[in-house]
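Novice: At position 103 of the sequence shown (counting the first as 1) the number is 218 in the working numbering, and the numbers step up by one without a gap. Think of the CB as a built atom: it goes at the ideal place given N, C-alpha and C, for glycine as much as any other residue.
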Amino acid sequence: MLKLLKSDKLEFPLTSEKNKTYVSPILERNCYDKNFYKLAQGWRYFRYLNVIQKISDKLFIKVMSLEQFLLQAKKSSFNCKKFSELIVHNLTKKRDCNIDLDFSKPNLMGVINITPDSFYKKSRVSDIKKFITQFNKMKKFGVDIIDIGAESTKPGSNTISIKDEINRLDIFLKQIENVKSNTIISLDTKNHETMKKSLKSGISLINDVTAFSSKKSQEILIKNDICGVIMHMQNNPKNMQLNPKYIFPPIDIFDFFEKKIIELSNSGIKSSKIIIDPGFGFGKSLHHNITLLRYLPLFHSLGVPIAVGLSRKSLIKEISMKKFKFTKNISSFFSPEKRLGGSLALALKAYDYGVQILRTHDPLETLQAIYCMEEVDINH
């Protein structure tokens, strides 16, 4: 994996066969003067940028103000000027959405798993009564999206048949109309047959860990008034954690999304239907995940909403195992049930980075953490 080298100048042109430039805003919680810009018309501000350049087989980083970046690009060439203006437009524009979600604030996606083998036991429901109870509890806590999944995608998990997935979902989806209210319902599936069948139950968001790689899945996005979460993953859940490799995770994953957004756009899918998820824990080591999280603001320059799932993930266990030394059985001590503190810390980091959708198993605690942070940092 490459390391970032500090640089005192930009290389021009900003984009060519040899050079590629990436821009990550350095975010602040408050607007200190007129030179600060609001990120995505949301709750964070920026004036300075981390400008990363990939030149041949090396990566360079330079910190500069937005004004400096625009001025140097303008002096270089018309194409560089247009590139820099597009970046600024993507960083500042309001995030449009095809469904009723307000991206000027963080949105919580609560998780309900109707699987017998999901990695976090408390997210599982096995009967209608528990499903309705969990659903109503999330609505009460003010969750914006409820994500329902019938197939586990934890590391090492096996694929189930489409028939089994639909059979698992069927009885629960029939209940949604009775309990839905104004809550957005998301379906976590990679199978276009499951997507198509579930639309009749009021599903308006599809969360696909394979990033809508199927043309038939793309057709469903095109033909229906719904949105799709495009997630990054190396390989598949069965083998994704077997020695994943990156040149530099934030850059590799940015390039993946950039190509994917162009592909979907060429297929007729509007940007207002696209949400990206960098896929923490999906084909990534601890070092990959941490590096990705540090440079998460980079993805705002793609101009679409960002969703992240950090809740109860194994990276929390891995961090804990590095830091705590009080027990020999330390691995088993930090089971998913013992990862709430880490989940909240990582959720707040994502919130601090202006991420528009936070996927969580603990909506009450996550909202409480955000409200406390808002009260201290913003309401002054």
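Using the Cα positions of residue 263 and residue 117, report the straight-line distance between them to the nearest angstrom.
Specialist: Whole-angstrom Cα-Cα distance: 38 Å.
Novice: Can you grab the Cα-Cα spacing for the pair residue 293 / residue 178, in whole Å?
Specialist: Taking the straight line from one Cα to the other gives about 53 Å.
Novice: Quick one: does the C-beta of residue 156 sit closer than 7 Å to a heavy atom of the ligand SAM?
Specialist: Among the components of this structure there are no ligands whatsoever, and the ligand SAM is therefore not found.
Novice: Mind pulling the beta strand (DSSP E) runs of 3 or more residues that sit fully within the region 212-282?
Specialist: 222-228 and 260-264
Novice: List the DSSP bridge partners of residue 188.
Specialist: DSSP lists no partner for residue 188.
Novice: Measure the Cβ-Cβ separation of residue 406 and residue 223 and say whether it is below 8 Å.
Specialist: no
Novice: Considering Cα atoms alone, identify which of 290, 218 and 380 is closest to residue 248.
Specialist: 290
Novice: On the DSSP bridge list, what partners appear for residue 346?
Specialist: Within the DSSP secondary-structure output, residue 346 pairs in a beta bridge with 392.
Novice: Using a Cβ-Cβ cutoff of less than 6 Å, which residues in the same chain neighbour residue 225 once the five nearest sequence positions on both sides are dropped?
Specialist: 253, 258, 261 and 478, listed in sequence order.
Novice: What's the C-alpha gap between residue 255 and residue 142?
Specialist: 32 Å
Novice: So the alpha helix (DSSP H) residue 438 belongs to, where does it begin and stop?
Specialist: 429-438
Novice: How far does the beta strand (DSSP E) with residue 137 in it reach, from first residue to last?
Specialist: 134-143
Novice: Residue 368 and residue 169 look like a contact to me (Cβ under 8 Å); what is the Cβ gap, rounded to whole Å?
Specialist: Taking 8 Å as the upper bound for CB-CB distance, residue 368 and residue 169 are not in contact here, some 13 Å apart.
Novice: For the beta strand (DSSP E) containing residue 486, name the first residue and the last one.
Specialist: Careful: residue 486 lies outside any beta strand (DSSP E), inside the alpha helix (DSSP H) at 478-492.
Novice: Which of the three DSSP states, helix, strand or coil, is assigned to residue 424?
Specialist: It is a strand residue.
Novice: Could you check where the beta strand (DSSP E) with residue 327 kicks off and where it finishes?
Specialist: First-last for residue 327: undefined, no H or E at that position.
Novice: Whose C-beta lies closer than 8 Å to the C-beta of residue 341 among residues of the same chain, with five residues either side of it excluded?
Specialist: 213, 214, 314, 318, 319, 320, 321, 335 and 388
Novice: For residue 408, which of 466, 375 and 390 has the nearest alpha-carbon?
Specialist: 466
Novice: Taking the alpha helix (DSSP H) that residue 409 falls in, what are its first and last residues?
Specialist: 401-409
Novice: Would you kindly work out how many angstroms separate the C-alpha atoms of residue 452 and residue 358, rounded to a whole number?
Specialist: If I take the Cα positions, the gap works out to 26 Å.
Novice: Where does residue 177 sit, in a helix, a strand or coil, going by DSSP?
Specialist: strand
Novice: If we ignore side chains and look at the alpha-carbon of each, how far apart do residue 246 and residue 272 end up?
Specialist: 23 Å
Novice: Pull up the distance between the alpha-carbon of residue 286 and that of residue 231, whole angstroms please.
Specialist: Rounded to whole angstroms, the gap between the alpha carbons of residue 286 and residue 231 is 15 Å.
Novice: Where does the unbroken alpha helix (DSSP H) through residue 203 begin, and where does it stop?
Specialist: 193-207
Novice: Give me the residue from 217, 310, 269 and 270 with the minimum Cα distance to residue 277.
Specialist: 310
Novice: On a Cα-Cα basis, can you pick out the residue from 190, 137, 331 and 386 that is closest to residue 370?
Specialist: The shortest CA-to-CA distance from residue 370 to any of 190, 137, 331 and 386 is the one to 137.
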